[in-house]
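Here is the structure we will look at.
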Amino acid sequence: MENKVQFHTYVLDEERKLKVVIRGVPKDIETDDIKSDLVNKGFPVFAVYRITGRDGSSTGLVLAVLPKTDEARAISRNLSKVCGLSGIRVEAPHKRGMPGQCHRCQRYGHASANCHVQSRCVKCFVLHWTSECSRSKDSGDKPACVNCGQEHTANCEGCPKASKVVFKPTNRIDKKQFNNKKATPARDTSNPPPLRHEKIP
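For the sequence shown, position 53 (counting from the first letter as 1) is numbered 245 according to the numbering used here, and the numbering increases by one without interruption.
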């Protein structure tokens with residue numbers, strides 16, 4: 193039996209994707225149906241994810257991932273309906289000041305498009321997709337974080353694992369350090385120093 197190696201990779205800045213939030217999409221519409229509808233409208237969508245609340249419950253928001261092209265950027269001004277329903281709004285993702293989190297394995301620092309790890313639920317310890325989880329407010333089961341083991345969802349802002357993730361940017365100039373660097377004083381050519389006359393033996 194072959195062992196499947198689980199891994200994730202990172203992308204270069206020029207390979208990063210365009211992400212938009214579509215607000216007002218009913219919870220009962222499947223993400224696969226939303227993706228198909230967007231593709232049929234001419235938007236080159238890679239993936240669509242349902243955004244969940246802190247308790248893991250579904251919301252009326254979906255995240256669409258597209259390439260950074262002019263066709264994809266047009267979604268913000270041209271999209272007016274999703275699956276035949278109007279009243280939707282396209283906006284930029286809200287930056288929470290948290291490290292990026294994978295929708296597949298729930299770990300931080302990489303995207304699901306580059307993740308080849310076993311899927312992990314955002315609401316419990318079971319190794320399945322969040323959409324397959326039966327745990328909800330109505331079930332009365334408390335959420336469980338696969339990252340720290342505490343009783344909250346894996347995308348909770350208060351997760352101690354999230355606060356420990358620190359990104360160290362490389363190949364970036366520290367502007368403060370650069371500005372504080374002492375410059376070499378310019379030579380004053382208006383008052384040159386007197387020449388020294390040395391005796392030649």
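Beta carbons: idealized from backbone N, C-alpha and C, even for Gly.
Check whether the Cβ atoms of residue i and residue j lie closer than 8 Å to each other.
i	j	result
L253	I243	yes
V274	C313	no
V212	S304	no
G216	G301	no
S311	H320	yes
T345	P335	yes
C316	C307	no
K209	F238	yes
C348	R265	no
From what residue to what residue does the alpha helix (DSSP H) around residue i run?
i	result
R265	D262 to R265
Just how far apart, CA to CA, sit residue i and residue j?
i	j	result
K219	S249	10 Å
G341	E283	33 Å
V318	I226	26 Å
P236	E263	8 Å
N363	A256	Confidence is the limiting factor: at N363 the pLDDT is only 37, short of 50, which leaves the residue's position unreliable and the question unanswerable from this model.
G332	E343	13 Å
C297	Y241	14 Å
D330	D224	25 Å
T322	N270	30 Å
Complete runs of the beta strand (DSSP E) confined to the region 232–259 [at least 3 residues]: For the region 232–259, whole beta strand (DSSP E) runs of length 3 or above, ordered along the chain, are 239–244 and 250–258.
Give, in chain order, every unbroken run of the beta strand (DSSP E) that is at least 3 residues long and sits entirely within the region 309–339. Scanning the region 309–339 for uninterrupted beta strand (DSSP E) segments of 3 residues or longer gives nothing; none is fully contained.
Beta strand (DSSP E) runs contained entirely in the region 281–307, provided each spans 3 or more residues: Whole beta strand (DSSP E) segments, 3+ residues: 281–283.
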